[in-house]
Amino acid sequence: MGITDNDFPVLPTVNLAVSSNTTAESSRNQITVTATLSAAVSGNQTVTLNVGGTGITPSDYSLSTRTLTIPNGQTTATATFVATDDGIAEGTETAALSLSTPSSGIALGTTTTQNIAITNNGSSLLTKIGGFTSSNGGEIPAFDPISDRLFVVAG
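Numbering (this note's numbering), first residue to last: -18 to 136.
1. If you compare alpha carbons, which of THR65, THR57, ALA(-2), SER85 is closest to PRO39?
2. Quick check on SER8: does DSSP put it in helix, strand or coil?
3. Where does LEU107 fall in DSSP's three states?
4. With DSSP collapsed to three states, give me the class of SER43.
5. Exposed or buried, PRO(-10), counting other C-beta atoms within 10 Å across all chains shown (16 or more means buried)?
6. By the 10 Å Cβ neighbour count, where 16 or more other Cβ atoms means buried, how is ASN10 classified, buried or exposed?
7. Note down the Cα distance separating GLU74 from GLN26, rounded to an integer number of angstroms.
In structure tokens, the structure reads:
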């Protein structure tokens, strides 16, 4: 009687971590993004780092690399995320980082996403004038002191 080995090797799993979950546009703080494996890899392995989120555009951040390479025999790879000043007055944005497409020698773990809140360093240039309010979504006049112009905005 023969014994057939039908066990598949367990692949190291990769998880995502960040050195901080908050930053400001003006700070130029470098956030270290780390892919950590459960065991040392055999051969160089790669995983893709994606950036998404509501209102996030490429002008909101810089990223040192989108492909994280874990060298043979190692357990980590890093990238650097930096929020950039896009010159737009806006609310806090959240960059959603995620791992995808692991190479054949690794598998995605349970923590493959991290959020980074980016606080804006600017403020709205429009200033509401008068005591006008809108109870039905009507228009409200606003003044921009930089351009010295009057605008009508949705209320």
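A virtual CB, placed ideally from N, CA and C, is assigned to each residue, including glycine.
So, from the data block:
1. THR65
2. coil
3. With a pLDDT of 49 at LEU107, under the threshold of 50, the modelled position of that residue is not reliable, and the figure given next carries that caveat. LEU107: coil per DSSP, three-state reduction.
4. strand
5. exposed
6. exposed
7. 32 Å
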